[in-house]
Amino acid sequence: MNIACYYYNYSMLTLVSLPAEVRQNFQRSGRINASAALPCAIMGNKLGGTDLSGLIRFGISMEKELLQRLDQEIVKRGYPNRSEAIRNLIRNQLVEIDWSRGDEEVAGTITIIYNHHVKGLSDLLLELQHRHHGMIVSVMHVHLEHEHCLEVMVIKGKAAEARDLADRLIGVKGVKHGKLTISSTGAGLK
Ligand code: NI
Numbered sequence: 044m045n046i047a048c049y050y051y052n053y054s055m056l057t058l059v060s061l062p063a064e065v066r067q068n069f070q071r072s073g074r075i076n077a078s079a080a081l082p083c084a085i086m087g088n089k090l091g092g093t094d095l096s097g098l099i100r101f102g103i104s105m106e107k108e109l110l111q112r113l114d115q116e117i118v119k120r121g122y123p124n125r126s127e128a129i130r131n132l133i134r135n136q137l138v139e140i141d142w143s144r145g146d147e148e149v150a151g152t153i154t155i156i157y158n159h160h161v162k163g164l165s166d167l168l169l170e171l172q173h174r175h176h177g178m179i180v181s182v183m184h185v186h187l188e189h190e191h192c193l194e195v196m197v198i199k200g201k202a203a204e205a206r207d208l209a210d211r212l213i214g215v216k217g218v219k220h221g222k223l224t225i226s227s228t229g230a231g232l233k
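Under our numbering, read the sequence shown as residues 44 to 233, first letter to last.
Take a look at the structure:
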């Protein structure tokens, strides 16, 4: 059975859910109050079923205006708290860094839109995909309407080769729009 402890993190109220054994420890020590909840996150307990062992709490100093902008985004995007928002910002930056290093193993998607009535275009795109079959994990083809097709390719491989493949596909004459979405294999991201 869990109980909830509250503590203030600067101006933000954060809710931490504690497992029974942690609660009992706090009760035994007579510290079952707001300030006692502060070390919860670094004691290796459970929060919403997620193992929090290894979490480290630290303070960040930033300009008031910057923090206000962050808080506006947190509300707009529905983040549960500042920590989750900042963790996501860091993960996004790490994905960018991985993609900037050519030999990192990455994942992502390439989306292209083209007119399949253009002579030879479908064959050329298919040929390019077959040439890189080792990198293309999956392809979804959607017949958007009479003329236009949309293809989404899930890719996985070395960053430089993945970007090169995206450039080649998007750069094919007749491809009306193309977009590379960079993501991660998940390894290295907590
Ligand atoms: Ni089609």
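Note that beta-carbon positions come from the ideal geometry of N, C-alpha and C, so glycine has one too.
Would you grab the beta carbon distance between residue i and residue j for me? Rounded to a whole angstrom, and I think it's under 8 Å.
{"i": "R125", "j": "L113", "result": "7 Å"}
{"i": "K199", "j": "V180", "result": "5 Å"}
{"i": "L171", "j": "G217", "result": "Between G217 and L171 the Cβ distance is about 12 Å, and since that is not below 8 Å, they are no contact."}
{"i": "T228", "j": "E139", "result": "About 15 Å separates the two Cβ atoms, so there is no contact after all."}
{"i": "E155", "j": "G221", "result": "Here residue 155 is Ile; the residue named in the question, Glu, does not match the sequence. Their Cβ separation, rounded to whole angstroms, is 4 Å, which keeps I155 and G221 in contact under 8 Å."}
Quick check: does the Cβ of residue i come within less than 7 Å of any heavy atom belonging to ligand 1?
{"i": "H189", "result": "no"}
{"i": "H159", "result": "yes"}
{"i": "H186", "result": "yes"}
Among the options, which one has its Cα closest to the Cα of residue i?
{"i": "H189", "options": "H159, E147, V149", "result": "H159"}
{"i": "K201", "options": "P123, D146, I140", "result": "D146"}
{"i": "G151", "options": "H191, G102, S226, E106", "result": "S226"}
{"i": "I153", "options": "E106, H175, S143, R144", "result": "H175"}
{"i": "D141", "options": "F101, A205, L98, L168", "result": "A205"}
{"i": "A203", "options": "R100, R144, E139, E127", "result": "R144"}
{"i": "L168", "options": "G102, Y157, G177", "result": "Y157"}
Between residue i and chain C, is the shortest Cβ-Cβ distance under 8 Å, so that the two count as touching?
{"i": "E108", "result": "No chain C appears in this structure, which consists of one protein chain only."}
> At which residue ranges does the region 131 to 204 contain complete beta strand (DSSP E) runs of 3 or more residues, listed in the order of the chain?
Replying inline: Taking only runs of at least 3 residues, the beta strand (DSSP E) segments lying wholly in the region 131 to 204 are 148 to 158, 179 to 186, 191 to 201.
> Taking one C-beta from the region 100 to 120 and one from the region 184 to 198 each time, how about it: are there three or more such pairs within less than 8 Å?
Replying inline: Under the three-pair Cβ rule at 8 Å, the region 100 to 120 does not count as touching the region 184 to 198.
> Quick one: any contact between the region 128 to 136 and the region 204 to 221, if contact means 3 or more CB pairs under 8 Å?
Replying inline: As far as the Cβ criterion goes, the region 128 to 136 does not touch the region 204 to 221, which means the pair count is below three.
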